[in-house]
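**Q** In our numbering, the protein residues as written are 118 to 503.
Take this structure, written in structure tokens, and hold onto it; I'll ask about it next.
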């Protein structure tokens, strides 16, 4: 199976192998057509998030709230009951905004882990993250007005979180890109479902070789999708979608080809080629991993480049001034390495492991809820209505 979406190589293959049938990999076709459809908008969103350093800002606020929570561990049970049972106990009312903000931040950051292993444009982690920003900002605005003890100072964590979220949410460029990308994603995901591969709910990642469904059925579903796009006036007239449909039309025959007739001793049989080359790519990925495991090298080219980059460092060992800086009071490299306190090194390594973000188990259990910020808001409203 050839997987080639560039015009010149395709023409060359057709000319040289004029008797060979050429097929398009469904997975890679979808990937390329999706990138063309909303890759630019996605890049704008990514750059906006980076410009505002929102992940860093949220992590910094989370750490400051974590100090209070560490001193009041009952808050974790409190927010869990708040989400699961809509109950806010009297003992934690004062600090509910603290643990609520802390939990919502975790929920926002979890948006970065929503991919299914397919890569862009199938996985859109920056869009998932941004949608959580938008939803959280909406709920935080409501929470700022819900004073459980009729004391606005209790809600300071909400105000701080609101300020950080608004920097991104109120960015006109960001809002424009998010507005444009949503309908495009809907169209793309509809085509994914029609082609029965890399579905939005799929979990197979790059090992997805398409659902076991005959090509004629898939063709009928994609034909129905194509008619729907033509009937939708907004889509038919939008240049973004006309290019999308042009790509679909251009490769239509190579996407939905008839089975290959093969002569066998038992007579003719029909063989339907694989819809993707992911199976072959999976083989090469396994082969590459085995090579790395055996040699420790990712590729020969990378090894050569590393050798060239490291050569000046080795030559510096011949420079007495350089060696004096490196060795200090020691006479040799061996003596220098021997002086290193292994216990201290182990302690530093262990510390670096514990520095990694720690999420309490009960927080992990509730941040999987898609409507978590709204659930917290509703719990606050229920408490005030009592």
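Even for Gly, the Cβ is constructed at its ideal location relative to N, Cα and C.
Quantities reported herein were computed from a predicted structural model and do not represent experimental measurements.
1. Between residue 360 and residue 153, how many whole angstroms is the CB-CB distance? I'm expecting something under 8 Å.
2. Spatial neighbours of residue 304 within its chain, please: C-beta separation below 8 Å, excluding the five flanking residues on both sides.
3. Who pairs with residue 385 in a beta bridge, going by DSSP?
4. Going by the CB atoms, is the gap between residue 434 and residue 444 shorter than 7 Å?
5. Leaving out five residues before and five after residue 256 in sequence, what residues of the same chain have Cβ atoms less than 8 Å from its Cβ?
6. Are the CB atoms of residue 193 and residue 477 nearer to each other than 7 Å?
7. Taking one C-beta from the stretch 161-173 and one from the stretch 264-273 each time, how about it: are there three or more such pairs within less than 8 Å?
8. Which runs of the beta strand (DSSP E) fall wholly inside the stretch 182-219 and span at least 3 residues, in chain order?
9. May I have the straight-line CA-CA distance separating residue 348 from residue 182, to the nearest angstrom?
10. Beta-carbon within less than 8 Å of residue 254's beta-carbon, same chain only, minus the 5 sequence neighbours each way: which residues are those?
11. So, helix, strand or coil for residue 490, using DSSP?
12. Between residue 225 and residue 260, which are expected to be in contact by the criterion C-beta below 8 Å, what is the C-beta distance as a whole number of angstroms?
13. For the alpha helix (DSSP H) that contains residue 152, what are its first and last residues?
14. Give the range of the alpha helix (DSSP H) segment to which residue 339 is assigned.
15. Assign residue 439 to one of two classes, buried (16 or more other C-beta atoms within 10 Å of its C-beta) or exposed (fewer than that).
16. Taking the C-alpha atoms as reference points, what is the distance between residue 167 and residue 295?
17. Could you give the uninterrupted runs of the alpha helix (DSSP H) lying entirely in the stretch 252-326, keeping only those of 4 residues or more?
18. Keeping to the same chain, check which residues put their C-beta closer than 6 Å to that of residue 236; ignore five residues upstream and five downstream.
19. Could you compute how far the alpha carbon of residue 88 sits from the alpha carbon of residue 372?
20. Tell whether a beta-carbon distance below 7 Å holds between residue 219 and residue 479.
21. My assumption, with CB atoms under 8 Å, is that residue 245 sits in contact with residue 234. Please give the rounded CB distance.
22. Determine the burial state of residue 311: buried for a count of at least 16 other Cβ atoms within 10 Å of its Cβ, exposed for fewer.
23. Are the beta-carbon atoms belonging to residue 162 and residue 496 less than 7 Å from one another?
24. Under 7 Å, do residue 316 and residue 309 count as touching if we go by C-beta distance?
25. Could you check the C-alpha separation between residue 142 and residue 368 for me, to the nearest Å?
26. Which residues mark the beginning and the end of the alpha helix (DSSP H) in which residue 229 is found?
27. Using only alpha-carbon positions, find the residue among 258, 484, 501 that is nearest to residue 201.
28. Can the beta-carbon of residue 272 be found less than 7 Å from the beta-carbon of residue 214?
29. Roughly how many angstroms lie between the CA atoms of residue 191 and residue 209, to the nearest whole one?
30. Is residue 174 helix, strand or coil when you go by DSSP?
31. Identify, in the order they occur along the chain, each residue of the same chain with its Cβ nearer than 6 Å to the Cβ of residue 274, setting aside the five sequence neighbours on each side.
32. Measuring alpha carbon to alpha carbon, tell me which of 144, 436, 498, 482 ends up nearest residue 306.
33. Taking the alpha-carbon of residue 291 as reference, which of 364, 243, 150 has the nearest alpha-carbon?
34. If you check the beta carbons only, do residue 364 and residue 150 fall under 7 Å apart?
35. For a test of the three-state rule: what should DSSP assign to residue 249, helix, strand or coil?
**A** Well, looking at it:
1. The sequence position of residue 360 within the chain shown is 243, counting from 1. The sequence position of residue 153 within the chain shown is 36, counting from 1. Indeed, because the Cβ distance is near 7 Å, the residues count as touching under 8 Å.
2. Here residue 304 corresponds to residue number 187 of the chain shown, with the count starting at 1. Hits under 8 Å: 154, 346, 352, 358, 361.
3. Within the chain shown, the letter at position 268 stands for residue 385. Per DSSP, 380.
4. As a first step, residue 444 is located in the chain shown; it is residue number 327 there, counting from the start. As a first step, residue 434 is located in the chain shown; it is residue number 317 there, counting from the start. Not closer than 7 Å, so no.
5. Indexing the chain shown from 1 puts residue 256 at position 139. If we look at residue 256 and ignore the five residues flanking it on each side, its Cβ neighbours are 221, 490, 491, 493, 494.
6. Stepping through the chain shown from its first residue, residue 193 is reached at position 76. Stepping through the chain shown from its first residue, residue 477 is reached at position 360. Yes.
7. no
8. none
9. On the chain shown, position 231 is the one that residue 348 refers to. On the chain shown, position 65 is the one that residue 182 refers to. Taking the straight line joining both Cα atoms gives about 52 Å.
10. For the purposes of this step, residue 254 is taken as residue 137 along the chain shown, with counting starting at 1. Only 279, 282, 283, 286 meet the Cβ criterion.
11. As a first step, residue 490 must be located in the chain shown, where it is residue number 373. Here residue 490 sits in helix by DSSP.
12. The sequence position of residue 225 within the chain shown is 108, counting from 1. The sequence position of residue 260 within the chain shown is 143, counting from 1. Between residue 260 and residue 225 the Cβ distance is about 14 Å, and since that is not below 8 Å, they are no contact.
13. As a working note, residue 152 is residue 35 in the chain shown. Run containing residue 152: 143-168, per the alpha helix (DSSP H) assignment.
14. As a first step, residue 339 must be located in the chain shown, where it is residue number 222. Unbroken alpha helix (DSSP H) run through residue 339: 332-348.
15. Taking the chain shown and counting its residues from 1, the one referred to as residue 439 is at position 322. By the neighbour-count rule (16 or more Cβ atoms within 10 Å), residue 439 is not buried but exposed.
16. Residue mapping note: residue 167 aligns to position 50 of the chain shown, counting from 1. Residue mapping note: residue 295 aligns to position 178 of the chain shown, counting from 1. If you take the alpha carbons of residue 167 and residue 295, they lie about 15 Å apart.
17. 273-286, 289-312
18. Translated into positions along the chain shown, residue 236 becomes position 119. For residue 236, where only same-chain residues beyond five positions count, there are no Cβ hits under 6 Å.
19. Residue 88 is absent from the model: the chain starts at 118 and stops at 503.
20. The count along the chain shown starts at 1 and reaches residue 219 at position 102. The count along the chain shown starts at 1 and reaches residue 479 at position 362. No, Cβ-Cβ distance for residue 219 and residue 479 is not below 7 Å.
21. Residue numbering aside, residue 245 sits at position 128 when the chain shown is read from its first letter. Residue numbering aside, residue 234 sits at position 117 when the chain shown is read from its first letter. Rounded, the Cβ-Cβ distance is 14 Å, inconsistent with contact.
22. By one-based count along the chain shown, residue 311 stands at place 194. When all chains shown are included, residue 311 counts as buried.
23. Along the chain shown, read from residue 1 onward, the residue named residue 162 stands at position 45. Along the chain shown, read from residue 1 onward, the residue named residue 496 stands at position 379. No.
24. As a first step, residue 316 is located in the chain shown; it is residue number 199 there, counting from the start. As a first step, residue 309 is located in the chain shown; it is residue number 192 there, counting from the start. In contact: residue 316 and residue 309 (Cβ atoms closer than 7 Å).
25. The sequence position of residue 142 within the chain shown is 25, counting from 1. The sequence position of residue 368 within the chain shown is 251, counting from 1. Going by the C-alpha atoms only, they are around 10 Å apart.
26. As a working note, residue 229 is residue 112 in the chain shown. Residue 229 -> no alpha helix (DSSP H), and no H or E assigned at all.
27. In the chain shown, the residue the question calls residue 201 occupies position 84. Answer by Cα proximity: 484.
28. For this step, residue 272 is matched to residue 155 along the chain shown. For this step, residue 214 is matched to residue 97 along the chain shown. Result yes, Cβ atoms of residue 272 and residue 214 sit closer than 7 Å.
29. Looking up residue 191 in the chain shown gives position 74. Looking up residue 209 in the chain shown gives position 92. One C-alpha to the other measures close to 8 Å.
30. Counting from 1 along the chain shown, the entry for residue 174 is found at position 57. In the structure shown, residue 174 sits in a helix (DSSP, three-state: H, G or I).
31. Taking the chain shown and counting its residues from 1, one reaches residue 274 at position 157. Hits under 6 Å: 214, 215, 218.
32. Taking the chain shown and counting its residues from 1, one reaches residue 306 at position 189. Nearest option by C-alpha distance: 144.
33. Here residue 291 is taken as the residue at index 174 of the chain shown, counted from 1. The candidate whose alpha carbon is nearest that of residue 291 is 243.
34. Numbered from 1 along the chain shown, position 247 holds the residue referred to as residue 364. Numbered from 1 along the chain shown, position 33 holds the residue referred to as residue 150. Cβ distance < 7 Å, so residue 364 and residue 150 count as in contact.
35. As a first step, residue 249 is located in the chain shown; it is residue number 132 there, counting from the start. The answer is helix: DSSP assigns residue 249 an H, G or I state.
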